[in-house]
Structure formats: C-alpha cells, structure tokens
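Below is one structure; the comments refer to it alone.
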Amino acid sequence: MKRHLPPTLLIAALLIGWEAACRLLHVAPYILPPPSAVAVSLATDAPILLAAAWNTLSMALWALLLASLAGCGLALASALSPALDRAVRPLAVAAQVTPVVAVAPLFVIWAGLDHPERAIVALAAIVAFFPIFSGATAGLKSADPGLERVFDLYGASRWERLTRLRLPASTPFLLEGHRVAAGLAVIGAVVAEFVAGSGAAQGLAWRILEAGNRLQTDRMFAALAVLAALGLLLHGAVHAAERRLLAWWAGTGPAR
Amino acid sequence: MIAALQGVTADYGKRALGPFDLALNSGETVALVGPSGCGKSTALRLLAGLEAPSGGGVVRKVDRGETALVFQSPTLAPWLSALDNVALPLRLSGQPAALAREAAATALDRVGLSGALHKSPAQLSGGMAMRASLARALVTNPRLLLLDEPFAALDEITRRQLADDMLGIAAELKPAVLFVTHNVEEAVYMASRVVVMTPGPGRVAGELAIEGPLPRPAGFRTTAAFRKSAEQVSEMLATGMAAA
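As structure tokens, then:
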C-alpha cells in the first residue's frame, strides 16, 4: 500500500491543480477541459470508448501474433542457415528504420477502403516484428560457449543442439522481445489508424480524430485516458507473464 | 598411454601453442601449469578432440563419449535441474531418460549433492554448481577427464574441499586426468606429475614428478616435500618466462 501512495498523491495533486487552473483562469473548455468534464465524458461515452478500445486492442493483439510468428520463424530459419541470416538482415533493418507512417498509405491502398483494419494490423505487425526477430536471433546465439562445447563433446546432432540448447537458451530473449513488441503493437495500431484516416476500423485513434474535428476536447482527453489505460494494462499483463515464465524457466518460481 | 600431443602446434592468426608434447597414461593425474595465454586451454581442447592442430599429431585411444570436460565456470543449463543437467551427456548419447537420470543421481551423490537433485542452477552456490559440473563430467564414467582451471572462480576453503574430493574420486574411478591451472601449489597438490609451460606460444618449460600418496594426507601442504616441489615448479615457470 505504501508503494502506491506517492504516485496516487501526485496524480491527485495534478488533477486538483488542473481543475483549479481551469476554473480560476476561465480557460475555454475546447482548449483545455477540466478533469471533471473529462470524467463526465468518460462516463457518458464509456460504451463507445470501450468498444473502440477493444477494437484497437484486438488489432494490436493480431499484429503481435503475426509479428511473433514471422519474427520467430524467420529467426529460426536464419539460425539454421547462415546464408539466409546474411540475406535477411539488411532487409529486416530496412523495414525497421523506414517510418511506419511513410508506408501506411501503401498498405491502406492494398487492403482496400473496405478493410482498413487489415492495413492497420499489417502495419502494427511490421512495427512489432523487429524486436521479436532481433530478440529471437540474439537468443538463439546466446547459449553458453562452454555448454556448446559439451554438446560438441558428446556428438549432439543439429536437431538436439537446437531443441535442447539453443531454443531453451533463447527463452529470456524471446520474452523480452515480446514485451517490447506488445507496446509497439499498440503504438503501431494507433499510428496506422491515424494515417488510414478512416472511421471504418472504429479504433481509439479514430475516436480521438473524430472528437478533435468536432472540438470535443473533453472526449479527446477521455479517449486518451482510455488509450493510456490500455497501454498500462497490456504492459502489466505482458510483464507479469514474462516474470512468471522466466521464473519457471530458471526453475526458481512456484510454477515448478 | 591413453592420449598424447606430439609436437602439436595451434595457430589462430598467429602461433598460440607449441610445438608442444604431452603424454597422459591411464590412471595418472597430470597438472599443466603456465602463465595466462600460454595455450593451456588450447592443449586441452586438442586432447579432447574438439579442435584439430595446425601441425603435429594427436593420439587419442579413447572414444568421444569416454572423454569429459570441466571448465572454469560450471556451464550448467539454467533451465534444467541439477539432475537433468548431469543426465544431459547420457541423453545426448541416446540413453533413455530414466536410465540417464538414475546414473545422474549416482554421479551427484558421488560429489556430495544428493540433497540438491531437483534444484535449479540458480539455487546452487558457486561450489555446489562446480560440483554438479564435475558430476556431469563423471556421469559417463570417462577414461579421460580434462579439467580447465575448474576451481579458479571459487573461494579458498571451497577450493581445498573440492580439490580433496576430486582426488578421492580420481583414486576411485582411475581416469587419466589432465588438470590445467595457473596456481603452482594447486598443481603440486593435485598431480603426480606437473608439466610447466612457457609463455605463449607455449612449449614445455620443464616437468616434475611429485612425491607422496594420492589422495593427499592431511597436512600435506605443510610438508617440506610439498614446499620444495612448489618451489621447483615456480622456478621452472620463472625460467620459462625469462627465456621468452
């Protein structure tokens, strides 16, 4: 409980200061609505916002799944074939350093106007791909050289080396990659929806755009609050899963 | 003779070892002493058959599965229990899990870890992890046991305990042991023969037979014979350094 006190106090102080400033300085509500107005919007618009949050979350989760399959699969293939590794690396880096915003219009065209959610999932998956791919690649090379020697000594096959040594050794790297990727998938989904600029996907980013166009600033803040909560929730869930799995992996947790 | 290096050289860009000669007889424990970077570990890898020399010949009258290695760090797999870590060499040699585990439990018992079978490496102290690593090497009943500075990372008390346990195990199982170290007193204590190397590229700087029974009786470190042997080995090291 004591751990939660300082952040709670700080947030409360900020909200009170914000509310007081809005009232005392007579700030126009479309410039900066007081937190009370945001709270009212949160309550009245809850059904719309929660539905939008669910859409954004499900697009991000689909993107994470695709990125995970592609990232792990490609990393595994590169680990088995050094030539493929050298061939793929520059492309993977190029995909990472190209801003997602710049390629978004292309994906929107490919997905078609009726299915912007496909473009959004694809773009978020591209953003989430790199941390998973590079984590898996590094992880598959991370086995203790001494252990590699032990496998040499007892004549392990390539398959045994992969399943008994390199895959298990890569677990912490994979988990870390997925944790970073989960956050990026949400960011990617939001950015892609902004760029798609269409309401058809019905995500949180669209709600923010829509409210902005109507100067419903309180609703923009409400949507932002939901987005922040969504990010925190996902981060917390992935972090908890990572800790549990790591404890199981290292045999130090209650899971074993 | 069970394994030998005959005028071997090793080059990694430049000469790292040799020409170097070393012969191991079955059942004897030989210590290899030399300054850092002289090629001690390379000599050990050549004997293990993990690398081919750039010149000279390697004689190995043992099969792959009859050779075992212990490194300076325990190199245990963190995702496996102590028992499964020790069973690993047998599993890689194609033994069924139940048999491998049974042999692993016996090996862990031999190194005094029968109470830690199901602990993970993270739950073991440095000394215990090293013991598990030793058990992993012993589980195949090796005829050639190669130890690469196995006690270097341990504190003095643990190191002495492990040294005595190691000697007891060697006396019982009688493998040929090559014990690589940079510690002169440890070399004299552990071996019936000490081979001293020059700085890299390492050659033989000298060799000394160590008197006295193995395993060592209590108080062996304070005997005049021990002190004299250690001094002689130190002198060989110093001469080798000066000549380089």
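Residue numbers (the working numbering), protein chains in the order written: chain C, 1 to 256; chain X, 1001 to 1244.
Idealized CB from N, CA, C, for every residue including glycine.
Cα-Cα separation, residue i to residue j
i: Val190(C); j: Ala37(C); result: 24 Å
i: Ile208(C); j: Leu224(C); result: 7 Å
i: Phe194(C); j: Leu123(C); result: 12 Å
i: Ala1248(X); j: Val1196(X); result: In the structure as shown, chain X begins at 1001 and stops at 1244. Residue 1248(X) is therefore absent and cannot be evaluated.
i: Ala77(C); j: Val1177(X); result: 41 Å
i: Leu233(C); j: Asn55(C); result: 15 Å
i: Thr1140(X); j: Gly1065(X); result: 7 Å
i: Glu210(C); j: Pro99(C); result: 24 Å
i: Ala199(C); j: Trp206(C); result: Checking the displayed sequence, the identity of residue 199(C) turns out to be Gly instead of Ala. In a straight line, the C-alpha of Gly199(C) is about 6 Å away from that of Trp206(C).
i: Ala255(C); j: Ala237(C); result: With a pLDDT of only 38 at Ala255(C), under the threshold of 50, the placement of this residue in the model should not be trusted, and no figure is reported.
i: Thr1181(X); j: Phe151(C); result: 24 Å
i: Gly1037(X); j: Val1062(X); result: 28 Å
i: Lys1040(X); j: Val180(C); result: 43 Å
i: Trp1245(X); j: Leu167(C); result: No statement about residue 1245(X) is possible, as the shown extent of chain X runs from 1001 to 1244 and does not include it.
i: Ala1230(X); j: Ala1153(X); result: 21 Å
i: Gly71(C); j: Ile109(C); result: 25 Å
i: Pro116(C); j: Leu14(C); result: 38 Å
i: Ala136(C); j: Ala20(C); result: 50 Å
i: Ser58(C); j: Leu1144(X); result: 59 Å
i: Gly1202(X); j: Ala1171(X); result: 30 Å
i: Gly203(C); j: Val101(C); result: 17 Å
i: Ala1023(X); j: Leu1032(X); result: 11 Å
i: Gly1168(X); j: Pro1217(X); result: 11 Å
i: Ala79(C); j: Leu140(C); result: 7 Å
i: Gly197(C); j: Met220(C); result: 16 Å
i: Gly1007(X); j: Arg1159(X); result: 33 Å
i: Glu1149(X); j: Gly1206(X); result: 20 Å
i: Glu148(C); j: Ser1093(X); result: 15 Å
i: Asn213(C); j: Tyr30(C); result: 11 Å
i: Val295(C); j: Val186(C); result: With chain C covering 1 to 256 only, the question about residue 295(C) has no answer from this structure.
i: Pro1199(X); j: Thr1009(X); result: 14 Å
i: Phe107(C); j: Phe1151(X); result: 60 Å
Chain X contact residues for residue i, given Cβ-Cβ distances below 9 Å
i: Arg259(C); result: No answer is possible for residue 259(C): it lies beyond the span of chain C, which begins at 1 and ends at 256.
is_contact[residue i, chain C] using C-beta, thresh 8 Å
i: Leu1113(X); result: no
i: Leu1092(X); result: yes
i: Ser1120(X); result: yes
i: Ser1192(X); result: no
i: Pro1089(X); result: yes
i: Ser1081(X); result: yes
i: Pro1096(X); result: no
i: Pro1217(X); result: no
Residue i: contacting residues in chain C (beta-carbon distance under 9 Å)
i: Ala1116(X); result: Ordered by position in chain C, no residue passes the 9 Å Cβ test against Ala1116(X), which lies about 12 Å from the chain.
Amino acids of chain X, ordered along the chain, whose beta-carbon sits closer than 7 Å to that of residue i
i: Ala37(C); result: Per Cβ cutoff of 7 Å: no residues; Ala37(C) is ~52 Å from chain X at best.
Opposing strand residues paired with residue i [DSSP bridges]
i: Glu1207(X); result: Val1195(X)
i: Tyr1012(X); result: Lys1014(X)
i: Val1058(X); result: Leu1005(X)
i: Gly1202(X); result: Leu1017(X)
i: Val1180(X); result: Leu1032(X) and Asp1148(X)
i: Thr1067(X); result: Leu1144(X)
i: Leu1024(X); result: Ala1003(X)
8 Å Cβ cutoff, residue i in contact with chain X
i: Gly251(C); result: yes
i: Ala92(C); result: no
Cross-chain neighbours of residue i in chain C, by beta carbon under 7 Å
i: Pro1078(X); result: Ala250
Chain X contacts from the region 153-186 of chain C (Cβ-Cβ distance under 8 Å): Leu153, Tyr154, Gly155, Ala156, Glu160, Arg164, Leu165, Pro168, Ala169 and Thr171
Relative to chain X, which residues along the region 127-150 of chain C have a C-beta separation below 7 Å, given in chain order? Asp144, Gly146, Leu147, Arg149 and Val150
Please list, in chain order, the residues of the region 1054-1067 of chain X that have any C-beta partner in chain C closer than 7 Å. Arg1064, Gly1065 and Thr1067
Can you pull out the residues from the region 1149-1166 of chain X whose beta carbon lies closer than 8 Å to at least one beta carbon of chain C? none
Using a beta-carbon distance cut-off of less than 7 Å, what residues from the region 1007-1034 of chain X approach chain C? none
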